[in-house]
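Chains A and B are the protein sequences, given in the same order. Per the numbering used here, residue 558 is the first one in the first sequence, and the count goes up by one each step. Per the numbering used here, residue 558 is the first one in the second sequence, and the count goes up by one each step.
2 protein chains.
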Amino acid sequence: VIDLSRLSHILQQDCQLVPASLVLIGVSGGPDSLCLLDILYRLGYSLMVAHLNHGLRKEAVADELAVREAARARGLSYISKTADVAGYADKNSISLEEAAREVRYRFLFTQARRCQAQAVIVAHTADDQIETVLMHLLRGAGLSGLKGMKYRSLPNPWSKEIALVRPMLDVFRDDIQAYCAGTGLHPVFDHSNLDTTLFRNRIRQELIPTLETYNPGVKSHLLRMAQTLAGDDQAIEMLTQATWQKCCSECSAMYVALKKENLQLQPLGLQRRLVRRAIAILRPGLRDIDFDTVEKILSYVQKPSRSGHLDLSSGLKLMQEGKTLWLASNERDLPNREWPQVSNEWGHLCVPDYVDLPGSGGWHFLSESVSYLPEAIAQAQTNADPFQVWIDVSMEQPVFSIRPPRPGDRFQPLGMDGHSVKLSDFFINVKMPKRARQLWPLVCKQDEIVWVPGYRQSHMSRLTPQTTKAILIKLIKD
Amino acid sequence: VIDLSRLSHILQQDCQLVPASLVLIGVSGGPDSLCLLDILYRLGYSLMVAHLNHGLRKEAVADELAVREAARARGLSYISKTADVAGYADKNSISLEEAAREVRYRFLFTQARRCQAQAVIVAHTADDQIETVLMHLLRGAGLSGLKGMKYRSLPNPWSKEIALVRPMLDVFRDDIQAYCAGTGLHPVFDHSNLDTTLFRNRIRQELIPTLETYNPGVKSHLLRMAQTLAGDDQAIEMLTQATWQKCCSECSAMYVALKKENLQLQPLGLQRRLVRRAIAILRPGLRDIDFDTVEKILSYVQKPSRSGHLDLSSGLKLMQEGKTLWLASNERDLPNREWPQVSNEWGHLCVPDYVDLPGSGGWHFLSESVSYLPEAIAQAQTNADPFQVWIDVSMEQPVFSIRPPRPGDRFQPLGMDGHSVKLSDFFINVKMPKRARQLWPLVCKQDEIVWVPGYRQSHMSRLTPQTTKAILIKLIKD
C-alpha cells in the first residue's frame, strides 16, 4: 500500500513543495501518473494537468480524452498539445525515445513557466529508479549515476528556476496498481513505455527477474543502495565544493587554473572530482566525462612532464605554468597575465628616453645616464629588482633596439663568462611562463641581447671597475 | 597481456611493498597464485611460499607437491600445513567455504608473523573483484561494499601490523592464463574454487555472461566503477574522520557520546557515516550494519522523542541527555558523570556538620549556623550557586536526613506557594540527566524535601522577613 503520510512528508521535505502554490503535473494517463494526480488532488495541492500527445499512435487521442476527463472530474485546469515527435527525431537525428523525452519535458517546462508553477511533477516510481540505476551500472557509472534520480532537481536541464520533482521514487509499481484498483481509477494502458528504450525494457522484463533469482530482495537492496549513495554523493560534493576553493585560483567559461600543489595534497577520489568539475565548467554540455581523460590528468598531476602540455579528448589542453595547471581549449584562451609584451615591430631606445611598449598595456621603458659612477656600481651589485639594469656604455653610443625573440637567438647571461646559451633554453631555465615567451621584450645592441627584462642582463653589459660610462634602464608598469 | 611495469608500480605504490623485505605469498597452485609467484620472483621480491592443504580432497596432496616444486625450482623457502577445515566448519557451525577462508588466512598470517614478513600477498584477480562487487550489489551494499577489495588492507581482520596485499585486482584471468601458457607454467586445476561459494560460482558462470549481453564492456565498467568508488569512499572517510572530531564528545569501547546539534548540522550522507562509525566502535565484530537501524537513528536525531530512548537491534540503545546522544548497550555502561549520588542508606546532617556523601566520590555536605541574619537574607536573594542554600530553622531543631528519591515523593519548589509537584516531574522539568535521578541526594526534614541540591530549595524553607534563625548548607565536590 502507498503510505500517504510518508508521501506527504516527501512532497514537503524532499521535494520542497508548498501546497498552496501551483504545481504542473505531467499526466500520460497511465497508472503511475494517474495515481500521482489523484494523491496530489486529495492532499490539496494546487494543480495544473498537462498532457503531451506524442502524435505517434492512434490510441493517443483516446488517452488524451481520458486525461482531460480525469482533470475535469477534479475541477483542475488542463492543457495539452500534440507534438510531431517523429519529425523532431528525424530533424535532430536522435532516437524516437530521446525525441519523446525531450519534446515532453520542453512542453512541460514551457507550460510551467507560462502558468508560474513552482515545479513540474512527474510520476517516476521505485521500479523506474532501479532500472535507471542498473542502466548506469551496465553502461559504466560512478556515484552520480548509481545514486539514481533525485526527489528534487534544481537546476535541471530545462530550467534554473522551476524544479523537477519526483515524489514516488520509493513507491513500487505494484502498490500503484493496487492504489488504482482500490480507488476505482481507470488508467489507460501505460504508453509511457514510449519513454523506455528497448534497453530499459529488457532490464525491466528480463534482468531484474534474473537478479531476483540471486536474491529475492534485490529490488529493495538496490533502492536503498541508491538512497545511501545519494547521501554519500551529497557529502562528497560538499567536500569537493570546499576543496575547490582551495585548489582553483582562477576560473571562467574559457579556462580553469588549478593550484598544482594543493591538488596533489588531496586524496585521489577528491582529485578526480575536482578535475571532473573543471572539465564540466569548460564543457557544460558534456554528459559523460571520459574516465580515461580524468585518469590521464590525475597521473599528470602526480608527475607533470617537462614540456608541461597534455592534449585531452574533447579538445581540451592541460598546461603547466609554474605552480599553476591551466585547463583550456587553447593557450589563446588563457587570461592576459599582464606581462610586458612587445609587438613584432621594433622600437628604439636612446638615453635619456621614455618608450611605451607597443602591444602591452601600461608597460614602458625609461632610460637615463648615470651621473655618479661609484654609486651606480654599488647599486648594480646589490640590485634586487629584475626590472632595472645598469649597462656599461663606455665604448659605444647608447642606442638600443627593443624586439621580441627570434628563432636562433642566443644569450650570454650575467655570470656565464664566455658561454652563451640558446635563448629558448634560458627561458626554460628561468621558468618564464611558456605563453609569455613569444613576445617577451628584449633590449638589444645591434642584434646582441643586452638585457632580458625581468630576468638577467648579458655578461658583457655588466658594470666593471673599468667602466667609464653607464646608463640605467627600467621597465615599468603603470 | 600482463603489464609488468604497471604491476611493479602497483606493488610499490599501492601495495607499498619494499622489494628487499620478505613477503609471504599464499599459493594454491592454481594459475592466479602461480602466475603471481612467478612475477614476484622475476621482479626480485624476497619471498616465502605458503600452501594450505585444506584436507578436503584426494588431489590436495598432488597440489601441495606441485607448489613445493614451484618454490624449490626458484630456490624459495616453503611452508605448508594440512588443516582440518571440515572439522573447523562443524565446530563453529559455519559453511565449508567460510571455514576454508578463515583457516587459510589464519595460517598465512601466523606464518607471516613467524618469519617477520612485511605482508601477506594473495592473487585475487579483476574477475574476483567484479564478482565481489556484484555479490555486494545483490546482497545490498553501500559504497564500502561496491568499491570491492583494496590493493592493501591494513589493519585487516587478521593483523594490525602485517598488511594483506592484492596486486592483481586489475588483471583479468584471461591474461593470467596467457601468461602461464606463454612462460611454461603448469598450474594445477584451480581448486581455489573451494574459496568460492555456489553463489559466487553462479555469478561467475551465469550472471556476468548475462550482463555482457547487455553491454559487452560491462566487466571493465564494473572494474572502473570499483576504482572510482574506492576513491570516493576514501575521500568521504576522510571527511567523516574530520567531522567525527566535531560530533563525538566522548568515546570508549562501552559508549559513544555524540553532540546532537553538531550531528544535525551535517548532510544526511555524513550523518549516516558517523552513526555507522559509532555502531562499529561498540560492535566491532558486526559485519553488516543494518540499514534500518541507521535510518532509525537518523530520524531520531532529527526529532528526538520526549522519552529520550531508542532501542536498536544488536542490543544497543540510543539515549538523549541534554545536548548529548549516548549510544551504549545499557545505561549502566555510560561513564560516571561525577554527579553527587547517594547510596540507599540514609545519612544525617546536623549543624554544624561535615558529611561525606556515601556512594559518590568526593562530594560532601557542609552545614553551619548563620550568625548575622540580614546578610544571609541578602545573600540568599542573589544566590547564583545552586549547590548552596539558606534554610529557615526558626521553628525547629536543625537536623536533616539525606536520602535518594522514593516513589511518590512530592516537592514544593521555591516560588510555588501552595502547590506541590511530583518529584519525578520536577526532575524532568529541570532536565536532570535521567540516569542521575535514581540516586540524587535530597535534603529532608522528617520526610519533607527541603532542598534538591543543584536545583531548588522548597518554598517553605526559604528565608523571609519573619525568619529568626537560619543555617547555610553547601554540597561541595573536592
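Glycine included, each C-beta is placed from N, C-alpha and C at the ideal position.
With DSSP run on the structure shown, which of helix, strand or coil describes B:Cys-592? helix
For B:Ala-720, report the span of its beta strand (DSSP E) as first-last. Note, B:Ala-720: beta strand (DSSP E), 720 to 722.
Would DSSP call A:Trp-903 helix, strand or coil? Residue state for A:Trp-903 is assigned as coil, using DSSP reduced to three classes.
Name, please, each residue of chain B whose Cβ falls closer than 7 Å to the Cβ of A:Phe-848. Arg-781
Determine, for A:Gly-705, whether the minimum Cβ-Cβ distance to residues of chain B falls below 9 Å. no
Three-way DSSP call (helix, strand, coil) for A:Gln-859 in this model: helix
By a C-beta neighbour count over all protein chains shown, 10 Å radius and 16 as the cutoff for buried, is B:Ser-924 buried or exposed? buried
Using a beta-carbon distance cut-off of less than 8 Å, what residues from the stretch 762 to 775 of chain A approach chain B? Leu-764, Thr-767, Leu-768, Tyr-771, Asn-772, Gly-774, Val-775
Any chain B beta carbon closer than 9 Å to A:Asp-685: no
Taking B:Ser-1018 as the reference, give the member of B:Leu-815, B:Asp-949, B:Cys-1001 with the closest Cα. B:Asp-949
Give me whichever residues DSSP pairs with B:Glu-878 in a beta bridge. B:Thr-881
Can you tell me which of A:Val-946, A:Phe-984, A:Met-973, A:Ala-738 puts its alpha carbon nearest to the alpha carbon of A:Pro-961? A:Phe-984
Hey, A:Gln-760 and A:Leu-691 are a contact pair by Cβ (cut 8 Å); roughly how many whole angstroms apart? Here residue 760 of chain A turns out to be Ile, not Gln, going by the sequence shown. Confirmed, Cβ separation roughly 5 Å.
Along chain A, in chain order, which residues have C-beta atoms closer than 8 Å to that of B:Pro-824? Going along chain A in sequence order, the residues near B:Pro-824 (Cβ under 8 Å) are Gly-788, Gln-791, Ala-792, Met-795.
Quick one: complete beta strand (DSSP E) runs, 3+ long, within the stretch 597 to 680 of chain B? 604 to 610, 634 to 639, 676 to 678
Just to confirm, is the Cβ distance from A:His-608 to A:Val-624 under 9 Å? The answer is yes: Cβ separation under 9 Å.
Let me confirm a value: A:Ser-562 is counted as buried when at least 16 other C-beta atoms fall within 10 Å, else exposed. Which label applies? exposed
By alpha-carbon positions, which one of A:Met-706, A:Leu-891, A:Leu-914 ends up nearest to A:Tyr-812? Measuring from the Cα of A:Tyr-812, the nearest candidate turns out to be A:Leu-891.
Taking 9 Å as the cut-off, decide whether the C-beta atoms of A:Gly-816 and A:Thr-881 are in contact. With the sequence shown as reference, residue 816 of chain A is identified as Lys, and Gly is not the correct amino acid for it. Going by C-beta atoms, A:Lys-816 is nearer than 9 Å to A:Thr-881.
Taking 9 Å as the CB-CB limit, is B:Ile-760 close to chain A? yes
Going by Cα to Cα distance, which pick from B:Ser-777, B:Ala-810, B:Trp-997, B:Leu-764 is closest to A:Asn-772? B:Leu-764
In three-state terms, what does DSSP make of B:His-921? For B:His-921, the three-state secondary structure derived from DSSP is strand.
Leaving aside the five residues before and after B:Ala-680 along the sequence, list all residues of the same chain whose C-beta is less than 6 Å from its C-beta, in chain order. Asp-589, Ser-590, Leu-593, Met-725
Using the three-state DSSP reduction, which class does A:Leu-843 fall into: helix, strand or coil? coil
Which residues mark the beginning and the end of the alpha helix (DSSP H) in which A:Ile-687 is found? In the DSSP annotation of this structure, the continuous segment of the alpha helix (DSSP H) that includes A:Ile-687 starts and ends at 683 to 696.
Cβ contact check for the stretch 992 to 1007 of chain A and the stretch 892 to 905 of chain A: 3 or more pairs under 8 Å: yes
Rounded separation between A:Glu-932 and A:Arg-1013 - CA only: 20 Å
Does the structure place the stretch 701 to 715 of chain B close enough to the stretch 779 to 794 of chain B that three or more beta carbon pairs sit under 8 Å? Result yes; three or more Cβ-Cβ pairs closer than 8 Å.
Would you mind sorting B:His-693 into buried or exposed? The rule is 16 or more other CB atoms within 10 Å of its CB. buried
Chain A beta carbons: is any one of them nearer than 9 Å to that of B:Gln-821? no
Beta-carbon proximity list for A:Leu-869, same chain, < 6 Å, skipping 5 on both sides: Thr-850
Reference B:Ala-1027; option with closest CA among B:Ala-993, B:Asp-974, B:Ile-934: Considering only B:Ala-993, B:Asp-974, B:Ile-934, the residue with the shortest C-alpha distance to B:Ala-1027 is B:Ile-934.
Please list, in chain order, the residues of the stretch 668 to 695 of chain B that have any C-beta partner in chain A closer than 8 Å. Leu-694, Leu-695
Contact belief for B:Leu-825 with A:Gly-788 at Cβ below 8 Å, rounded distance in angstroms: 5 Å
For A:Lys-776, which residues of its own chain have a beta-carbon under 6 Å away from its beta-carbon, when the five flanking residues on both sides are left out? Ile-687
Return the bridge partner residues of B:Tyr-911 from the DSSP annotation. B:Leu-923
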